Structures are given as structure tokens and as C-alpha cells.
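So that you can map any letter, position 48 of the sequence shown is 654 in my numbering, and since no number is skipped, the others follow by simple counting.
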Amino acid sequence: MVVAYVMVKAHTGDADRLKDDIEAVDGVVEAHIVAGDVDFIAKVNVETPAEVKDVAATHIQEIQGVETTQTYIAMD
607 MVVAYVMVKA HTGDADRLKD DIEAVDGVVE AHIVAGDVDF IAKVNVETPA
657 EVKDVAATHI QEIQGVETTQ TYIAMD
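Next up, the structure:
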């Protein structure tokens, strides 16, 4: 299994809707609204690094209201 954390910066607006939309993406096991430079942190648990890319770059970034993402793959 590959575990990754996706930092999500969103446009101002409906945080609860975005959280629900992020959590609905296959491979996302948790999503939290956070304070700081980003608005959400999503934990991704998938089989391959390619699937991490698909979750972050394709599915999460497609959600209306998402501005940018940064992805970090866990090394342990």
C-alpha cells in the first residue's frame, strides 16, 4: 500500500461541501479542514504511486473550488 497526504488549497466558500467532495474520491480515507497555508489535508491509501497521482492530479484537482494541491508520499 502507498500512503500519501494531499494538501489542498481552496477558493473561499463552501468548506463543508469541498470536504465531502474530497472524501468521496476513491482512495481518500480521511480529509480534514485545517488552519494554515492550506485548507484541507486528505489522506490517500492506494496500491501504487501512479494511483496517488490519479487521485490528486485528476480527481481532487477536478473538484470545483479546489485551487491547488501538493502531494507528499509517506516513506515509512
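Just so it is clear, CB atoms sit at the ideal spot from N, CA and C, and this is done for glycine as well.
Model, not experiment: these values are computed from the prediction.
Excluding the 5 residues flanking it on each side, valine 640 has same chain C-beta neighbours closer than 6 angstroms at Ile647, in chain order. Closest option to threonine 677, judged by alpha-carbon separation, among Gln667, Ala662, Gln670 and Asp622: Ala662. Under the DSSP assignment, glutamate 629 falls in the alpha helix (DSSP H) whose first and last residues are 621–629.
With respect to valine 672, methionine 607 sits apart: the two C-beta atoms are not nearer than 9 angstroms.
The shortest CA-to-CA distance from isoleucine 628 to any of Val650, Ile666 and Glu657 is the one to Ile666.
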